[in-house]
Amino acid sequence: MLTYRGSRSSSPGRWHMDNATTARRPAIEVIHADCVDVMARLAEQGRVVHAIVTDPPYNLTSIIDRFGGDDAVETPFGSDGAFQRISRGFMGKTWDTDIAFRKATWRLAWDLLPPGGHLGAFGGTRTWHRMAVAIEDAGFEIRDCLAWLYGSGWPKSHDVSKSIVKLLGPGPVAAQWEGWGTALKPAWEPIVLARKPIWSSVPRNVLRYLTGGLNIDASRVPLAPDDRLHQGVKGDGQPVERASREGEWGFRAVDRQPGLDRWPANVLHDGSDEVEEAFAAFGADKGARAPVRGDEPSATTKNAFGDRKRVSGAFHGDRGTASRFFYSAKAGENDRAGSEHPTVKPLALMQWLVRLMTPPGGTVLDPFSGSGSTLEAAFREGFDAIGIEADATYYGDIKRRLAERCGGEVALARPPAAPPAKVSAGPLFDL
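Now the structure itself:
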């Protein structure tokens, strides 16, 4: 359990890990309410979270300003209600609003994090830039943008030729535009990685709040059995050291401890054939070439060292394709857990994200809980979590999901009560 000693300000006080309680069951709190109201009240109560991982609405509804909301009139051309239907948001969802584009939304999230706390937010490829600006304007530092690659997207393109046929009828004009469309196949989603500014320095911040860093080792990409993270491009792959003591020259082999897995990258993928093939086309090249391949003379002069071959140099010479990056299959039935939410994320992906950003024993917040995958991911990684969901249907899905898959009942919290209003007693004396 994390306990805080000192004030919530950026001066004295430190978060401490109580090692005796680290094995306790993570606490999951789910709140059915508007996240703006809830985050404001949580901050007023002094609540603190250590990481925010969320998938907010993408607001793929830029025409709302022109055509209205749910009650928009139908288009006068035809009777299919195109304007009304499209104004309802992504896949007809009324919750697909611009809340993620508002500075005030992310400032409320900022208030709940200690200095150095990280935020990871998914976005749509057409609108994520607006979300990133709002996050930055709220006071966060944009640290990176991760790319979640997948191959199961379906192009929603408008066939130009067929449209001309409907407008003018078949003929040479329509034929000229055969093969033209209006959109590419979606194959990636951005994840904005941001951080609340640290206090003083990274080491001081980590010691005081436990936040400010990323858990690199816990998020490394496992090596395939045949991967050879050796030092050098040729030779037997054994590590070497400079042998300049006791009269030796050049390099000599040394024993090496088992190496770590790959450093996590800002590219994640679903392992689909499309993604694997795309990497295969360009990923067969070796890593950074070593400065010495092993077949050059050992020195620039012949009299000092002779023309012996040198042991290969010090850089990785491994090959690889998409296996170099974190793999998580696209969300399947198990990830959906019965939810009809249209943007369910894979559980493995969400576990990787919360593991990357959250200190041991910390609390994860998802203000747009949707299907509840972030909350389950936090539970499985041993973190406490707070989820907020305004939609009654999805709130019900979350309750069922966590009760069935997390081995017990979930703490279903009421929205935090507003603080009592301050009532003026009037002037002390009548003058």
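Residue 210 in full-length UniProt numbering is what sits at position 210 of the sequence shown, and the numbering runs on without skipping anything. Using N, Cα and C, we set each Cβ at its ideal position, and we do this for glycine too.
- DSSP, read as helix, strand or coil, puts residue 189 in strand.
- In the structure shown, residue 374 falls within a helical segment according to DSSP collapsed to helix, strand and coil.
- Taking the C-beta atoms as reference points, residue 36 is found no nearer than 8 Å to residue 123.
- Taken through DSSP and simplified to helix, strand or coil, residue 106 comes out as helix.
- Around the beta-carbon of residue 269, 16 or more other beta-carbon atoms lie within 10 Å, marking it buried.
- By DSSP's assignment, residue 365 forms a beta bridge with 52, 386.
- Annotated as distal: residue 153 and residue 121, with beta-carbon spacing of 8 Å or more.
- If the five residues before and after residue 185 are omitted, its C-beta is found closer than 8 Å to the C-beta atoms of 153, 154, 155, all from its own chain and listed in chain order.
- One Cα belongs to residue 103, the other to residue 160, and the distance between them is close to 38 Å.
- Cβ neighbours of residue 183 within its own chain (closer than 6 Å, five residues either side excluded): 155, 156, 157.
- Going by DSSP, residue 135 is part of the alpha helix (DSSP H) stretching over 128 to 137.
- Taking a contact as a CB-CB distance under 8 Å, the pair residue 110 and residue 139 counts as one, their CB atoms being some 5 Å apart.
- If you look at residue 168, you'll find it in the alpha helix (DSSP H) that goes 160 to 168.
- The C-beta distance from residue 355 to residue 215 rounds to 6 Å, short enough to fall under 8 Å.
- Secondary structure at residue 122: strand, using DSSP grouped into helix, strand and coil.
- By the C-beta criterion, the segment 352 to 369 is judged to be in contact with the segment 388 to 398, since at least 3 inter-stretch pairs fall below 8 Å.
- Nearest to residue 266 by C-alpha distance, out of 402, 179, 146, 401, is 146.
- Assignment of residue 198 by DSSP, reduced to helix, strand and coil, places it in the coil class.
- Beta-bridge pairing by DSSP links residue 40 to no other residue.
- By DSSP's assignment, residue 28 forms a beta bridge with 385.
- Here the alpha carbons of residue 393 and residue 205 stand approximately 40 Å from one another.
- For residue 148, the secondary structure class from DSSP, reduced to helix, strand or coil, is strand.
- Under DSSP, residue 262 forms a beta bridge with 221.
- Within the DSSP secondary-structure output, residue 267 pairs in a beta bridge with 147.
- The Cβ-Cβ distance between residue 359 and residue 129 does not fall below 8 Å.
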